[in-house]
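J.: Heads up, the sequence shown is in my numbering, so the first residue is 1 and it goes up one at a time.
Glycine included, every Cβ here is placed at the ideal spot set by N, Cα and C.
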Amino acid sequence: MKILSIETSCDETAISIISAEGGVESPRFEVLGNALYSQAKTHAEYGGVFPALAKREHARNILPLLKIVLDVAQKNGLEFHTTKPNAGKNIMLKNILEREGNLADQFVEFCETQFIPKIDAIAVTNGPGLEPALWVGINFAKALNLAWDVPIVPVNHMEGHIISVLLSDSSTPVIFPALALLISGGHTELVEIDEWNAYKVIGRTRDDAVGEAFDKVARLLGLPYPGGPHVSRLAAEYRATYPDYKNTPAERPFILPRPMIDSPDFDFSFSGIKTSVLYTIKKTTNEGAISLTENQKQAMAAEFEDAVTDVLVKKAAKAIEQIGAETFIIGGGVVANTYIRAAFENLISKRFPHISLRVPSIDLSTDNSIMIAAAGYLQFLKKSKGIEKEWTTDFKADGNLSL
Ligand code: KG4
Ligand code: ZN
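#1: What span of residues does the alpha helix (DSSP H) with Ile138 cover, start to end?
#2: Would the beta-carbon of Asp273 fall within 7 Å of that of Ala307?
#3: From Ser349 to Ser356, what does the alpha carbon distance come to, in whole angstroms?
#4: Taking the C-alpha atoms as reference points, what is the distance between Ala342 and Val335?
#5: If you draw a straight line from the alpha carbon of Glu404 to that of Gln298, how long is it in whole angstroms?
#6: Is Asn126 buried or exposed, if buried means 16 or more other CB atoms sit within 10 Å of its CB?
#7: Whose C-beta lies closer than 6 Å to the C-beta of Ala14 among residues of the same chain, with five residues either side of it excluded?
#8: Are Glu131 and Ala397 touching if we call contact CB-CB under 7 Å?
#9: What first and last residue would you give for the alpha helix (DSSP H) that runs through Pro64?
#10: Are three or more beta carbon pairs between the stretch 171-186 and the stretch 315-328 nearer than 8 Å?
#11: Mind checking whether His81 and Phe107 have CB atoms under 7 Å apart?
#12: Using only CA atoms, which one of Val31, Cys10, Gly77 lies nearest to Ala59?
#13: Looking at the strands, I want to know which residues DSSP matches up with Pro154.
#14: With respect to the alpha helix (DSSP H) encompassing Gly228, which residues constitute its N-terminal and C-terminal limits?
#15: Can we say the stretch 141-159 touches the stretch 17-25, given the rule of at least three CB pairs closer than 8 Å?
#16: Check whether the Cβ atoms of Val201 and Leu403 sit closer than 7 Å, and answer yes or no.
#17: If you measure between the beta carbons of Ser184 and Gly332, is that distance less than 7 Å?
#18: In three-state terms, what does DSSP make of Arg258?
#19: Return yes when the C-beta of Ser38 is under 6 Å from any heavy atom of the ligand ZN, and no when it is not.
#20: Got a sec, what are the start and stop residues for the alpha helix (DSSP H) Gly211 sits in?
#21: Would you say Gly33 and Val69 are within 7 Å of each other, going by their C-beta atoms?
Right, here's the structure in full:
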């Protein structure tokens, strides 16, 4: 079946069309079209994502992205009906999109010119995330539902991050029970999975998410938003110069805490590391990061990345043992971090060689709509076999939606 997906939960506007088959047992996906616009540069001057600005940018870019995706997908074999949406629906379409600026008028014009594509479902992220941003995607999906008469499947963004691992390797089925560690800008969670769509969050951060900690430390070091990749680059530079710094006190000027590393639960806390970075900078220089040497910044970045990695690896290992996981999944934007990836590859190959490690490709680690389409496929299968045959469009954005 063909699925069109929409992701607008944070600062990426993304639309894709995929072809999915194989059922829940062995799902396989082919991407027919994908377009993503990152607003990161727009938000950089605010040092973080500014919700009203995110909403405005999503509304401005979503229709142009859809047009691009339809064009690309057509070249890749997507078929179209020979009909256009019924013009009588225009008033209803305008009502749905009235809160999204001039998107309503643009959309009606689009319907007058565009043949209806042969799509079986529309998957849209309905949370967690920034509600004003989520609403743009949801209202856009509802407008498409009305124009094309195609069912909508709401998708949890975090389920998308879990399912993203199926896109890089669909040949080996995931064996349950599985454990997923989700590390993104808004979340840090350990999730026990007994089957697709049956998730149990067994641990979570009590304060900052890992990605958030990276972004805040980046800011303290005077690096631009989003800071994760910049901190990681500095850390890699330090390790290249001092490969054995961890065991050489003279090469390790800063030592940060590993909060909750030995706590009896599966929860995390990262705000303390960030505060320690702040105090350590203050102790080192009165003028803040501006007067840190490049070498000191690199050393701080490496120590920070190590502190976070130590905690993540130790907690994940404990959870793998406790639930007897057969598969370990890591997902979320921070998985783009090659140092953290390597630490988990090392953990699994040394301590749990019988377990399969599933990791998304780097480009599908950060937010994208392909993972939403793939998660939408599994949701669609679940819903269409149950009693829930009536596809509702009566759902809302939920900024705090949990798995
Ligand atoms: O999953 P994601 O794209 O968006 C959310 O759902 O939050 O994650 C974004 C987060 C940001 O905090 C960003 O700094 C972090 O992922 N990130 C990284 C790296 N690339 C992105 N953190 C550390 N190292 C990276 N290479
Ligand atoms: Zn995300």
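T.: With the structure as the only source:
#1: 131-148
#2: It is Ile, not Asp, that sits at residue 273 in the sequence shown. Cβ distance < 7 Å, so Ile273 and Ala307 count as in contact.
#3: 9 Å
#4: 10 Å
#5: What is shown of the chain runs 1 to 403, which leaves residue 404 out entirely.
#6: Counting Cβ neighbours within 10 Å, Asn126 comes out buried, since at least 16 surround it.
#7: These residues qualify, in order along the chain: Glu7, Leu36, Asn368, Ser369.
#8: yes
#9: Segment 51-75, the alpha helix (DSSP H) holding Pro64.
#10: With the cut-off at 8 Å, the stretch 171-186 and the stretch 315-328 touch.
#11: no
#12: The shortest Cα separation from Ala59 among Val31, Cys10, Gly77 belongs to Cys10.
#13: Answer is Val124.
#14: First-last of the alpha helix (DSSP H) with Gly228: 228-241.
#15: no
#16: With contacts defined by Cβ atoms closer than 7 Å, Val201 and Leu403 form a contacting pair.
#17: Their beta carbons are under 7 Å apart, which means Ser184 touches Gly332 by this criterion.
#18: Coil.
#19: no
#20: 210-220
#21: yes
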